[in-house]
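I have placed the structure first, in the form of structure tokens, so that the comments after it can refer back to it.
Numbering (the working numbering), first residue to last: 96 to 197.
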């Protein structure tokens, strides 16, 4: 799992606690990842599952394409999974995040 813990603490009440629990359960949590250049980050490896909890809606269109491209390259094999958490409440549900992601 790749995430920015610093932002989680500010934006989500239980964010930091949730990350600590994931680490306790054996998940790899990497902080300060640039989703456009994940493949060049020496701290990262290839994964079975990559989870991306979406940033602020105003930034997500720019981030999504770069993330998908990098995440595909970081899968261990063709059975790997990419999970993306979306906010389905208005106004966040009005954006076409899938455009250009195939």
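Yeah, the Cβ is synthetic: ideal placement off N, Cα and C, and Gly gets one too.
(1) Is it buried or exposed for residue 145, if we count other Cβ within 10 angstroms and need 16 for buried?
(2) Rounded C-beta distance between residue 169 and residue 134? I'm assuming under 8 Å.
(3) Per DSSP, what kind of secondary structure is residue 116 in: helix, strand or coil?
(4) What residue range is occupied by the uninterrupted beta strand (DSSP E) comprising residue 180?
(5) Could you tell me how far apart the beta carbons of residue 128 and residue 137 are, in whole angstroms, since I believe they sit closer than 8 Å?
(6) Skipping 5 residues on each side, what residues in its chain have a beta carbon closer than 6 Å to that of residue 131?
(7) When you compare only the Cα positions, how much space is there between residue 176 and residue 122?
Taking the coordinates as given:
(1) buried
(2) 6 Å
(3) Three-state DSSP puts residue 116 in a helix.
(4) Segment 176-180, the beta strand (DSSP E) holding residue 180.
(5) That belief does not hold up - the Cβ atoms of residue 128 and residue 137 are roughly 12 Å apart, past 8 Å.
(6) Result list for residue 131: 161, in chain order.
(7) In a straight line, the C-alpha of residue 176 is about 15 Å away from that of residue 122.
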